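Going by the working numbering, the first residue of the sequence shown is number 0, and it counts up by one from there.
Just so you know, even glycine gets a beta-carbon here, dropped at the ideal spot from N, CA and C.
Predicted, not measured: the structure shown is a model, and the values here were computed from it.
Presented below is the structure to which this report refers.
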Amino acid sequence: MKNIFIDVSFYNYIKTGIGVYVHTLLKCFELTHFAYVKKELIIPNSFRFKSIFLILWQNTILYIKTLFQKPDIIIFPAFTMPYFTRKKTKYITVIHDLCHLRVDETTKYSRFIFDLSTKIAIKKADIIVTVSNTIRQELIKKFNISPDRIKVVYNSIGEHFINANINPEILEKYNIKKEKYILSVATLNKRKNIPQLIKAFESISDKYPELKLVLVGGMGNEDREKLTKHPNIIFTGYIPDDDLPTLYRNALIYVFPSLYEGFGTPIIEAQYSNCPLLCSDIPVFKEVAGEGAEFCKTDHQSIAEKIEFLINNPTRRNELINLENNNVKRFAIENVANQLINVLES
């Protein structure tokens, strides 16, 4: 019987990325036959979002706790882990991506913290987990890590999709109609490439006056007022999780134009929801979406061309839905739980 600690600090505080992944891991633990006693580790609020304090806490208070409580395994889903470690404890850290090295959207201080935390994780973790084979290969190439140390545990669909209550009244809430809008769910950071999607929509909107573009998510490091004032572009901000399945299910197209991602959870959310999918042509999206997506370049002309292609080709949209149904089975929670078991048993 193994004693396992898992850091769940970001579960209720980050709606995308790490928060979603923590939910996936917790659900996997419910399904696994691995013999364990799980303890949820929570970082105090005063340390959680202050990087230097978090590093200090992990290397002092948390380190002392491990000496007394003697966990067999600790899992850090947010990639930050202590430098000082207990010899008899195995440390697993999750590195979701290397965006701080690939996309210039963070401050020098943030890049320093990301870089430091990544190097500590690579040096000290017994096993590094990542969320796609694409990122696994990046880590191997960038840091010359032994492939045996890096495992892949995919993300999965949230329960609010599996147990979804599709409610047409939710469309009225956001002033949209079934199959009269294009959907994209993303924090408006530069790597999400939303400005190019907005330009693409604006360039074709006169041809489709009833069509709207619905952008769901926080503002990130973009300025909404500078992005657009187009009357058919709707910024919802963050919305309740239970509203999302209805928006996916009733969208004409889902567009995901990112420049760089570690996985891309909206891909499997769209596919699970039978929503025709248009993605940027980047390696990780090819891995995750499989054949169940139309692909475009990341400039607004290419995005606009592919949006129009899908608008005017219902046969292709239906074909994509059929392909999506096959592809998304790879990310069923039972399959992801088996990946986690392989990590724990290693």
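Beta-carbon gap between residue i and residue j smaller than 8 Å
| i | j | result |
| --- | --- | --- |
| G217 | Y237 | yes |
| S272 | P244 | yes |
| I74 | D6 | yes |
| L30 | E333 | yes |
| V130 | Y180 | no |
| E260 | I156 | no |
| P81 | I3 | no |
| F284 | I302 | no |
| P275 | L319 | yes |
| I94 | L138 | yes |
| Q338 | Y207 | no |
| N192 | P256 | yes |
| T117 | T88 | no |
| Y253 | L182 | yes |
| I175 | K211 | yes |
| R361 | L258 | Residue 361 lies beyond the stretch modelled for the chain, which goes from 0 to 345, so this question has no answer here. |
Run of the beta strand (DSSP E) containing residue i, from where it starts to where it stops
| i | result |
| --- | --- |
| F348 | Since the first residue of the chain shown is 0 and the last is 345, residue 348 is not available in this structure. |
| L277 | L276 to S279 |
| E29 | Where E29 is concerned, there is no enclosing beta strand (DSSP E), although the alpha helix (DSSP H) it sits in stretches over I17 to L30. |
| I320 | Looking at the DSSP string, I320 is not in any beta strand (DSSP E); the run it does join, the alpha helix (DSSP H), is P313 to N326. |
| T92 | K89 to V93 |
| M38 | The residue you asked about is not Met; residue 38 is Lys in the sequence shown. Looking at the DSSP string, the run of the beta strand (DSSP E) that includes K38 is Y35 to L40. |
| Y180 | Y180 to V184 |
| F78 | Premise fails: F78 is in no beta strand (DSSP E) and is neither H nor E. |
Enclosing alpha helix (DSSP H) for residue i [first to last residue]
| i | result |
| --- | --- |
| N337 | I332 to E344 |
| F9 | Taken as a continuous stretch (DSSP letters only), F9 belongs to no alpha helix (DSSP H), as it is neither H nor E. |
| K305 | H299 to I310 |
| F284 | P282 to A288 |
| F52 | S50 to N58 |
Separation of residue j from residue i, as counted between CA atoms
| i | j | result |
| --- | --- | --- |
| K37 | K1 | 8 Å |
| R110 | H99 | 6 Å |
| K225 | P194 | 10 Å |
| N231 | Y173 | 12 Å |
| N321 | E286 | 18 Å |
| A336 | C27 | 5 Å |
| L97 | Y108 | 16 Å |
| W56 | I169 | 43 Å |
| K305 | V151 | 31 Å |
| L40 | I51 | 19 Å |
| F9 | A77 | 8 Å |
| Y62 | F113 | 21 Å |
| I197 | E178 | 18 Å |
| N317 | V184 | 22 Å |
| T227 | F234 | 10 Å |
| H229 | H159 | 31 Å |
| T59 | T79 | 14 Å |
| F262 | T186 | 15 Å |
| R135 | L115 | 19 Å |
| F67 | D280 | 49 Å |
| P43 | A331 | 33 Å |
| L251 | K296 | 20 Å |
| F83 | I72 | 15 Å |
| R329 | G18 | 21 Å |
| D242 | C278 | 22 Å |
| I149 | T106 | 28 Å |
| N132 | G16 | 17 Å |
| A34 | V21 | 20 Å |
| K86 | H32 | 26 Å |
Could I get the ranges of all uninterrupted alpha helix (DSSP H) runs contained in the segment 111–174, with 4 residues as the minimum, in chain order? Complete alpha helix (DSSP H) runs here, min 4: 132–142, 158–161 and 168–172.
Ranges of the alpha helix (DSSP H) found wholly within the segment 201–266, counting only runs of at least 4: The alpha helix (DSSP H) runs of length 4 or more contained entirely in the segment 201–266 are, from start to end of the chain, 223–226 and 243–249.
Contact the segment 161–171 vs the segment 134–151: 3+ CB pairs below 8 Å: Remark: fewer than three beta-carbon pairs, one from each stretch, lie closer than 8 Å, so the segment 161–171 and the segment 134–151 are not flagged as touching.
For the segment 316–328 against the segment 273–291, are there 3 or more C-beta pairs whose distance is under 8 Å? Because the criterion of three Cβ pairs below 8 Å is met, the segment 316–328 and the segment 273–291 touch.
Contact between the segment 114–125 and the segment 299–314: three or more CB pairs below 8 Å? No, the segment 114–125 does not touch the segment 299–314.
At a cut of 8 Å, does the segment 111–121 reach the segment 190–204 through at least three beta carbon pairs? Short answer: they don't touch.
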